[in-house]
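Below: the structure, in structure tokens.
In the working numbering, the protein residues as written are 12 to 640.
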């Protein structure tokens, strides 16, 4: 009982200070599923939402629906998204994971189980990401509980405990696809200790069975296979490329070096230091910063030790899940390794000098709590920024050019997510983030005037995801280091008002500085400093000449583009067209035309569009210049 109470107390110490953690990261997408669950409880993942400027189908979300159901139940109970009740409810998952860890530690580290629990709970990803509403903690809780109950049931050949394990493994499967990795781990345990116990062999297949049944249910009830939709998203965003996999492998190895405090990991696994030194030296060629190559070396040390001791069940657990993480994942996030934090912590307690456990735990916990405070300040910056704009968001049509917490809090005040190529209008308010993947848009003939700007600058010099740093804590898109050290702002957010602007040019090259103010819609960002792709319809504002002038449109149809008919209208009147039979450069020149007023509206249409792998845009033809000439 003392061990249980100590475990619960440590969990509460970690979680209670962060009950008011702002909505962050991918929370917003899980909450979209929770909201849809109020409409269609059987299919919470059938929500549609705007992601990076495009409307996407949540059936391709990388996780099954359990977390959306959990969030949906909380939402139904309190009728609103409020941070404290949501995070308070999620403490349950931290407690389940911690108590499951205590059970496993009593089995594998009977002399020092609490130390193994303490090291597990101090893992940076557990402390930091346990304060989010993503699926990591629900999955980890049921994954750990399922393994703990399975091992106890196998040792005792208890059918009742086995049923509990089956239930937990089923819930883990409904939380994350990677739950299937438990199958070889449990089978290895049975092979070593209880290979004749047939119920255990069948029970270990629970995640595969549950995921298969869920996929079949979705296919039969809706006609769509979630795994197929997910694969389509992976192809669209090029998430399974060789470069992404290599970056993922490098980052995960570095994160492994921080599952327990690096000095303690070296003390526990450092007898074979030569391979780790070679790995560190190789890592220095990838990123010469010590934060990367030292972390990479320590992570490699853990892997090398586990390979040398592959007959040990805990070492096999580490190797199996790490290998699966290299195959399954692409972003290299630290949270991906949470399922192997338990065996690493237990092995560390078994192998490290006892006198080092207390100081290493204290250092790791302090470090993890500092990272959590950094995370809190980062995401709270968006919350506070939106609060200062509440009157403007209530009175103006507002757009959000960004993702994550900024988008959530702005949408809660009535803001709208920008679509790619969206034309905003004079009088609109645009909120943007320099960090959160801004997308191109047009001002509809207006210009952006700064209204309010803010730097989000936490009080600590650590950085998890930030401008100008190379931390891969959340994604290898930003770097490969397990974290970074910097005093630079994590993000710069701004609110801008669109004001009316008269077009300056009669003839508009696509690389003209005035182009962004005279492009209304349907045209993408400048490429090669010369030209822009349009979609099937592009609109421009032009300064009207004093006397009638011809309208000229210069464009190019590349080899893969199917467009063959291009039409031009001026102020709603058809002005010209060109029908071609092959790719190449072209231009349309009309007779002299008179604009209806001081400002002319020119519209260009293409009869067909296409897209290329890795590019979600619908492309028509390439424009180099348009206007009166």
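Yeah, the Cβ is synthetic: ideal placement off N, Cα and C, and Gly gets one too. Since the structure is predicted, the reported quantities are computational estimates derived from the model, not experimental observations.
Beta-bridge annotation (DSSP): residue 600 is paired with 563. For residue 126, the enclosing alpha helix (DSSP H) covers residues 124-132.
Here the region 90-105 makes contact with the region 26-45; the two share three or more CB pairs at distances below 8 Å.
Beta-bridge partners assigned by DSSP to residue 503: 466. For residue 580, DSSP records a beta bridge to 585 and 614. Non-local C-beta neighbours of residue 87 in its own chain, meaning closer than 7 Å and more than five positions away in sequence, comprise 49, ordered along the chain.
Each of 315, 444 and 633 was checked against the Cα of residue 538, and the nearest Cα belongs to 633.
A contact is defined here as three or more CB-CB pairs under 8 Å, and the region 72-92 fails this definition with respect to the region 160-175.
In chain order, 127, 130, 131 and 271 place their CB closer than 7 Å to the CB of residue 356, counting only its own chain and leaving out the 5 sequence neighbours on each side. Residues 161, 162, 165 and 324 of the same chain have their beta carbon placed closer than 8 Å to that of residue 200, with the five preceding and five following residues left out of the count. In terms of Cβ geometry, residue 397 and residue 420 form a close pair [threshold 8 Å].
For the set 276, 155 and 345, the Cα lying nearest the Cα of residue 317 is the one of 276. Inter-segment contact for the region 527-541 and the region 471-478 is absent: fewer than three beta-carbon pairs are separated by less than 8 Å. Residue environment analysis places residue 16 among the exposed positions, since fewer than 16 neighbouring C-beta atoms fall within 10 angstroms of its C-beta. Of the candidates 554, 285 and 503, 554 places its Cα closest to the Cα of residue 515. When secondary structure is reduced to three states using DSSP, residue 409 falls in the strand class.
Within the region 54-111, the beta strand (DSSP E) runs of at least 3 residues that lie entirely inside it are, in chain order, 59-62 and 65-68. In the DSSP secondary-structure assignment, residue 544 is bridged to 633. Rounded to the nearest whole angstrom, the CA to CA distance from residue 144 to residue 46 is 14 Å. Counting of Cβ neighbours within 10 angstroms places residue 558 among the exposed residues, the total staying below 16. Contact between residue 290 and residue 307 is confirmed by a C-beta separation of about 6 Å, below the 8 Å threshold.
As computed with DSSP, residue 568 is found in a beta bridge with 595. One Cα belongs to residue 489, the other to residue 566, and the distance between them is close to 36 Å.
The beta carbon of residue 76 sits closer than 6 Å to the beta carbons of 55 and 56 from its chain, once the five residues preceding and following it are set aside; these are given in chain order.
DSSP places residue 219 inside the alpha helix (DSSP H), whose first and last residues are 217-233. If you draw a straight line from the Cα of residue 441 to the Cα of residue 154, it comes to about 43 Å. Under the three-state reduction of DSSP output, residue 399 falls in the helix class. In the structure shown, residue 296 adopts helical secondary structure according to DSSP, grouped into three states. If you draw a straight line from the Cα of residue 378 to the Cα of residue 484, it comes to about 14 Å.
Here residue 589 has 577, 597 and 599 as same chain residues with Cβ atoms under 7 Å from its own Cβ, once five neighbours each way along the sequence are excluded.
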